[in-house]
Amino acid sequence: MDFKQKIANYTTEHYKRITVIMVLFTLVLGAFIPLIKVDTDPENMLSPDEPVRIFHNQTKKQFALSDIVVVGIVNNKDPNGVFNTSSLAKVYELTEFAKTLRWPSEEDPNEQIGVIEVDLLALSTVDHIGQGGPGVVTFEWLMKKPPATDAEAMEIRNKAMSNPLLKGTLISEDGKAVCLYLPLTSKHLSYQIYSKLKEKVAEFEGSEEYHITGLPVAEDTFGVEMFIQMAVSAPLAMVVIFILMLLFFRKIVLVISPMIVAMVSVISTMGLLIGLGYPVHIMSSMIPIFLMPIAVVDSVHILSEFFDLYTKEKGRKNTILEVMSNLFMPMLYTSLTSAAGFASLALTPIPPVQVFGIFVAIGIMIAWVCTITFVPAYVMMIKESSLENFGHASKHAEKQSRLGKLLSATGGVTYTKAKPILVIILIITAVAMYGITRIQINDNPVKWFSKSHPIRLADIELNKHFGGTYMAYLVLDPAEDKTVSTEYVGDLKKRLSEKLSVLKEELPNASAVAPELEKKISQYASDADSKEDLLRKLSELANTKLDAAEDKDFDLWYELTDFFELEAERLKPFKQPDVLRYISKLQEHLAQSGLVGKSNSVSDIVKKVHQELIDGKPENYKIPDSSNAVAQCLLQFQSSHNPDDLWHMVTIDYMHTNIWMQLPSGDNKDMEKVVKAVEEFFNENPPPVPLEHDWAGLTYINTVWQNKMVWGMLQSFMGSFIIVFIMMAILFRSPLWGIVCMVPLLITIVVIYGIIGLAGKDYDMPVAVLSALTLGMAVDFAIHFLERARAEYAETGSWQKSVGLMFREPASAITRNVLVIAIGFLPLLAAPLIPYKTVGIFLCAIMALSGAVTLLALPAILKLLEKVLFKRVSKKQ
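Sequence positions in the sequence shown follow the numbering used here and run 6 to 882.
Here it is as structure tokens:
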């Protein structure tokens, strides 16, 4: 007695014990589910030590940046847009309400979390920068209180429009809309803030439209709605699958067993994941959706075969033993291949995807163990009387004849028209391969919502009016070596000599100090840590000399003190006019490209203040010619109501700067175009001083992890493809049979992804993950078909005689599986979240296509290669 017979006999003889063990196993692991910890942050798709994530967090800290909720108020009905007394009163009230969205942290009651009031951007929290006279700049609140008249409202509009910093960011260029930017202490509060804002705007009446969006809101809201959808979609799919199986097998008592297997595998897998301390991420929340079809497939194979073989004379025990003898090895290998496909995701560089793949693989093997042990045990618990009129031989056989006739006819066609079938399949595959070349990798978390979702509508509307609701930050740093080189020392001495040459015309004693200073420069340079350190020591020397100077030397040392301070300023690149002009030129280049809707930088602040310092005319909106003038502009801005806004754009030492970019699209492909445009600009326009640049912001972070995931998926799929081929070669003891077994998988993958390319559907996260499911499903049918084909050929000695038998029970089981899973998951199409729709569509397509290819391509190949493939399969005596 071999291993599979021992298991089958044990499960049929000790069916109660098997059931008790399975129930206890499920209860123990299921007990961990209440300990669930949810993580809906896509940023965690990258490991904490990922360089781009480290830099992103450093940038947020360095420039005091926060994740932002964008609130837009649009009035398309009033000719003046929102700039009327009624609309602006609501804008003001909403701003004041937003300031109150703070509460004590649960972890530390002394810490306030929520909206950061000091950084909130709104009409009533920003300054109007105006002219107070020649050389005087005034800073006054743009909207200190709601306007009393429409004339006052229009004055606010005109003032806002005159400030390029606000135009396109705070106010739309057509004046129809304004935005509020609510910075949060943590992006994980986005959904709470979103919910409270929705409650508030529901109180308002009038012609205004209120839109709330931004990546933090989209990501946090998706996480919340995803879990709600998981609780709805998975059970709904199971109900449909249950009804379909009931239609096929007609015995409610029998079709309960696949449901139990699916529930046990899902509950125990999720319990194990949670019990081991893993948070349930966006990916792992979809484990039930992926696990259920795989868990049901083997059970349907058993029920289908049991249905076809059962007779009252044979009885349930003998029938189930025969079924398990026929299906044990195919089910083992299909489970192993499916598990290998998902386990290969552990090779991707994305931690949540690794967890997802490993636990789906574990769940598949749990489902397999339950299938080969519990399903036979469950059959034994059914009374023989309950199986009256059950099976192919029953009076219901006639009702099954339509499917039987269709399959019988299909079998005949695959034998007589084998070559045309393969030619048609090859043509379809060739077209699909062309489609694959048209696939574009792209994703956008906001597009995970359906087009009718409020967040998606807000995204479309606000990006129509403003520079963009997607934030990206380009950080510039000086690239030159800070160490004190011989070249730098020589240049410093040269500039000092030139300065002294100018001074000696009025201060004759200037020549006398030159040797001493040059000596000190060499001395200090030998042990200085940096150029800043060298200049600090020289400034201290000059100040010491100034304090002790006699009257005749005072002016000289005063000038030299100023010289060394200016030299120190030279090391601060983002105070230099030429560098600031370069930044402005970069901003203009990006704006002209159409990729960036709006950008703000320290250059914009300097230009606006300079404009008002001179005469307020548009032609003076420019960078001044000297670093002293730049410093004066920056100093003037420090007297505004929001002086700290400057430090969001430049560090206090002016050694690092941040360009805040607003993008009208959060698509990966568009963010990548922006990155490419910046690279091209730097290559074609060398900066006046060596600069390095890098990216931060959620839009860029998403691009990085999504690309890493997609390419990681592709690599893992290629690896698992090879592993599955090796397993097939071992199962059939022939590499050639292994290749034949891989044909449905290869064709299914090519055609599915070819359709994606031809249809213009983006290759995004859900599509990438489905490749692993394709591997498991397509190989499942091929293994069952080929294993039975070899067995039938061994009985008949001819494929012509075998093909008719193959299109009875084996083809019937495959067809039932295809229909049950394909139709069973169509309810996912009603989900409001696009990834769930995608899973529903592609599950249906994968099942239908892999089933069709298995039943058409494989028998055609077996017909044409009969002599080669079956030469070692002898007819049994």
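The C-beta atom is built at its ideal place from N, Cα and C for all residues, glycine as well. Predicted model only: the values in this text are computed from it and were never measured.
Label residue i either buried or exposed according to how many other C-beta atoms from any shown protein chain fall within 10 Å of its C-beta, with 16 as the threshold for buried.
| i | result |
| --- | --- |
| residue 125 | buried |
| residue 130 | buried |
| residue 840 | buried |
| residue 488 | exposed |
| residue 707 | buried |
| residue 361 | buried |
| residue 146 | exposed |
| residue 320 | exposed |
| residue 212 | exposed |
| residue 490 | exposed |
| residue 496 | exposed |
| residue 411 | exposed |
| residue 8 | exposed |
Indicate whether residue i and residue j have their beta-carbon atoms separated by less than 9 angstroms.
| i | j | result |
| --- | --- | --- |
| residue 270 | residue 296 | yes |
| residue 73 | residue 186 | yes |
| residue 703 | residue 192 | yes |
| residue 673 | residue 449 | yes |
| residue 826 | residue 854 | no |
| residue 428 | residue 821 | no |
| residue 711 | residue 770 | yes |
| residue 481 | residue 661 | yes |
| residue 669 | residue 629 | no |
| residue 460 | residue 13 | no |
With H, G and I counted as helix, E and B as strand and the rest as coil, what does DSSP make of residue i?
| i | result |
| --- | --- |
| residue 836 | coil |
| residue 23 | helix |
| residue 532 | helix |
| residue 121 | coil |
| residue 887 | Beyond the ends of the chain as shown, which are 6 and 882, falls residue 887; an answer cannot be given. |
| residue 136 | strand |
| residue 628 | coil |
| residue 513 | coil |
| residue 176 | strand |
| residue 906 | The requested residue 906 is not part of the displayed model; the chain covers only 6 to 882. |
| residue 873 | helix |
| residue 286 | strand |
| residue 405 | Low local confidence applies: a pLDDT of 47 at residue 405 is under 50, so the model's placement there is unreliable, with the coordinate-based value given in what follows. If DSSP states are grouped into helix, strand and coil, residue 405 belongs with the helices. |
| residue 28 | helix |
| residue 399 | With a pLDDT of only 48 at residue 399, under 50, the local geometry of the prediction cannot be trusted, and the value read off the model is given with reservation. In this structure, residue 399 counts as coil in the three-state DSSP scheme. |
| residue 657 | coil |
| residue 43 | strand |
| residue 686 | helix |
| residue 216 | strand |
| residue 467 | helix |
| residue 315 | coil |
| residue 727 | helix |
| residue 126 | strand |
Considering just the uninterrupted stretch of the beta strand (DSSP E) at residue i, what are its terminal residues?
| i | result |
| --- | --- |
| residue 663 | 662-668 |
| residue 74 | 72-79 |
| residue 2 | With the chain covering only 6 through 882, there is no way to say anything about residue 2. |
| residue 145 | 141-146 |
So, does the CB of residue i fall closer than 9 angstroms to a CB anywhere in chain C?
| i | result |
| --- | --- |
| residue 763 | The structure shown contains no chain C; it is built from a single protein chain. |
Our contact map puts residue i next to residue j with C-beta atoms below 8 angstroms; I'd like the distance itself, whole angstroms only.
| i | j | result |
| --- | --- | --- |
| residue 613 | residue 170 | 6 angstroms |
| residue 784 | residue 750 | 5 angstroms |
| residue 119 | residue 106 | 5 angstroms |
| residue 718 | residue 353 | 6 angstroms |
| residue 664 | residue 597 | Not really, about 15 angstroms apart at Cβ, beyond 8 angstroms. |
Hey, quick one: how far does the alpha helix (DSSP H) through residue i stretch, first residue to last?
| i | result |
| --- | --- |
| residue 699 | Where residue 699 is concerned, there is no enclosing alpha helix (DSSP H), although the beta strand (DSSP E) it sits in stretches over 696-701. |
| residue 82 | Where residue 82 is concerned, there is no enclosing alpha helix (DSSP H), given that its DSSP letter is neither H nor E. |
| residue 224 | 220-254 |
| residue 188 | Premise fails: residue 188 lies in the beta strand (DSSP E), 182-189, not in any alpha helix (DSSP H). |
| residue 373 | 356-386 |
| residue 500 | 491-508 |
| residue 109 | Residue 109 -> not in any alpha helix (DSSP H); beta strand (DSSP E) instead, spanning 107-109. |
| residue 597 | 582-598 |
| residue 270 | 257-280 |
| residue 822 | 814-829 |
| residue 9 | 8-18 |
| residue 888 | The structure shown does not extend to residue 888, since the chain is modelled only from 6 to 882, so the question has no answer here. |
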